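Numbering (the UniProt record's numbering), first residue to last: 1 to 292.
Below, the structure written as structure tokens:
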């Protein structure tokens with residue numbers, strides 16, 4: 001299976017359009033159509049319905065494999081290049097939105113100790129941090145999520161990365177102060193099965209993770225927020241669009257923050273990296289050990 005064809009297929013499935021995929025990939029629409037036809041011929045089955053452009057049942061199954069396959073290839077390419085290329089002159093760092101809050105002082109330390117180092121910080125989604133570090137786009141990443149106390153985050157089955165826990169924090173249910181449950185000292189997910197939820201997968205605890213932790217499919221979003229701006233999410237909560245589970249420190253005084261008591265979960269932040277080739281990268285990684 002040609003990885004170039006596979007990447008084209010994934011892009012078309014994401015865009016829902018051959019022309020949009022061609023624009024993203026820098027191909028002609030005819031070339032994209034030829035890629036999809038060649039892949040379908042190789043596998044002996046249609047992968048995309050054309051009107052509308054959506055994956056078939058076979059295409060859905062291929063998508064489950066495609067992400068890990070392409071990530072593994074990107075990671076292999078980056079790993080080989082690191083053996084022959086000079087260390088990068090710019091320290092590229094990625095962080096998920098909540099994890100980025102702890103970076104400012106640490107980047108200042110690196111600039112003081114390595115004044116000639118150029119820094120580039122990208123704030124992006126949790127999966128993008130992990131995939132970018134694996135693919136060599138970023139030297140270091142800082143990502144976050146929810147897990148049982150002391151358990152590591154589940155980041156990727158496709159590649160192995162070095163991870164270091166940098167912090168763990170209690171979780172709280174963020175809700176308007178006028179909400180009937182705002183005066184409670186603690187809440188379980190069982191108390192909230194009928195609540196209006198905001199699903200913000202790159203900021204709050206994703207509802208998929210909360211359902212898995214609760215062993216219930218009863219938590220449903222009233223609204224999905226795919227952005228990465230914490231202030232926007234908090235404004236949505238304050239306006240009554242729904243609840244969200246966040247680390248306690250992320251909830252402002254304008255909202256009520258009621259401890260999540262059951263199931264017992266924590267907000268965990270982890271440093272993600274491959275091999276560190278520059279003194280500046282090693283210094284930044286060391287600041288997380290020094291501050292724990």
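Idealized CB from N, CA, C, for every residue including glycine. Just so we're clear, the structure is a prediction, and the values are computed from it rather than from any experiment.
In terms of CA proximity to residue 150, 266 leads the group 266, 185, 135. Closest in alpha carbon position to residue 166, among 198, 116, 106, 185, is 106. Per DSSP, residue 41 is one residue of the alpha helix (DSSP H) stretching across 29-43. Each of 258, 73, 138 was checked against the Cα of residue 178, and the nearest Cα belongs to 258. Shown here, residue 275 sits in coil according to DSSP, grouped into three states, outside any helix or strand. Residue 12 sits in a helix when the DSSP states are folded into three classes. Distances from the CA of residue 70 to each of 117, 8, 142 were compared; the closest alpha carbon is that of 8. If you draw a straight line from the Cα of residue 204 to the Cα of residue 246, it is about 5 Å long.
Listed as beta-bridge partners of residue 147 by DSSP are 266.
When DSSP reads this structure, residue 50 sits in a beta bridge with 53.
In the structure shown, residue 118 falls within a strand segment according to DSSP collapsed to helix, strand and coil.
Along the length of the segment 178-246, whole alpha helix (DSSP H) runs at least 4 residues long occupy 207-214, 230-238, reported in chain order.
Note on geometry: alpha-carbon atoms of residue 171 and residue 140 lie some 26 Å from one another. By the Cβ criterion, the segment 90-104 is in contact with the segment 115-133, since at least three pairs of Cβ atoms, one from each stretch, lie closer than 8 Å.
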